[in-house]
Amino acid sequence: MVVLRGPWSWRGSGGVRERHVAVWWTEAVQMRNGALLPIVTSFHYTSRDPYAARIVFHPDPERHRGVSWYVERDLLAAGMRCRAGVGEVQVWPAPGPPGGGQVMLQIGPPAGRAVFLLDAAGLREWLAISYTLVPPGGESDRVDWRPLERLLSGQA
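For the sequence shown, my numbering assigns the number 161 to the last residue and increments by one with no breaks.
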């Protein structure tokens with residue numbers, strides 16, 4: 006069972022350079038050697054890094070440390086409908102009726118990959134909030150290209 010933990014949060018107000026953040030806390034379930042192991046997990050989206058989502062697995066939430074993975078926001082959205090991704094990150098609907106309640110997330114190299122079950126409704130809502138912060142197709146408008154421009158012009 007996946008339980009939604011904590012509130013949604015986002016902050017910021019207007020403007021391309023303003024910081025907007027959406028955070029979702031949940032309890033993912035890691036599937037390992039036939040066992041189901043719950044792990045506190047947080048999903049982070051910021052308009053300052055508009056293409057990426059950061060997923061943090063908190064094996065010891067009391068120590069406030071976690072293991073972070075950066076994945077494409079659009080990969081998570083595509084994985085809600087069908088298997089998406091290649092290599093170290095893949096997402097797909099869990100077996101069951103269409104529009105079912107869970108999504109599978111697989112991360113890591115073949116020799117050490119981890120597979121997690123996520124609450125599909127929670128992920129869908131978090132994605133919807135992230136799309137209000139930066140609409141699909143509007144990501145490049147939020148990227149600060151100035152450091153790259155300085156580097157390419159030899160001014161860095």
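We treat Cβ as the ideally placed atom computed from N, Cα and C, and that holds for glycine.
Worksheet item: Whose CA, out of Gln95, Tyr75, Leu122, Ile60, lies closest to the CA of Ala83?
Response: Numbered from its first residue, the sequence shown carries residue 83 at position 78. It is Gln95 whose Cα lies nearest to the Cα of Ala83.
Worksheet item: Skipping 5 residues on each side, what residues in its chain have a beta carbon closer than 6 Å to that of Tyr75?
Response: Looking up residue 75 in the sequence shown gives position 70. Contacts found: Ala57, Arg59.
Discussion item. Rounding to the nearest angstrom, what Cα-Cα distance links Gly71 and Ile112 in this structure?
Written reply: Taking the first residue of the sequence shown as 1, we reach residue 71 at position 66. Taking the first residue of the sequence shown as 1, we reach residue 112 at position 107. Their Cα atoms are separated by approximately 15 Å.
Discussion item. So, with DSSP's three-state summary, where would you put Tyr136?
Written reply: Counting from one through the sequence shown, the residue named residue 136 turns up at place 131. Reduced to three states, the DSSP call for Tyr136 is helix.
Worksheet item: Going by other Cβ atoms of all chains shown within 10 Å of its Cβ, with 16 needed for buried, is Gly101 buried or exposed?
Response: Working through the sequence shown from its first residue, we reach residue 101 at position 96. With fewer than 16 other Cβ atoms within 10 Å, it is exposed.
Fill in: Those runs of the beta strand (DSSP E) which lie wholly inside the segment 25-64 and span at least 3 residues
Restricting attention to beta strand (DSSP E) runs no shorter than 3 residues, the segment 25-64 encloses them at 26-37, 40-51, ordered along the chain.
Practice prompt. Check the DSSP bridge columns for Asp124 and list the partner residues they point to.
Written response: Residue mapping note: residue 124 aligns to position 119 of the sequence shown, counting from 1. Among the bridge pairs identified by DSSP, Asp124 is matched with Gln107.
Discussion item. So if DSSP puts Gln95 in a beta bridge, which residue, or which two residues, is it bridged to?
Written reply: Counted from its first residue, the sequence shown places residue 95 at position 90. Within the DSSP secondary-structure output, Gln95 pairs in a beta bridge with Gln111.
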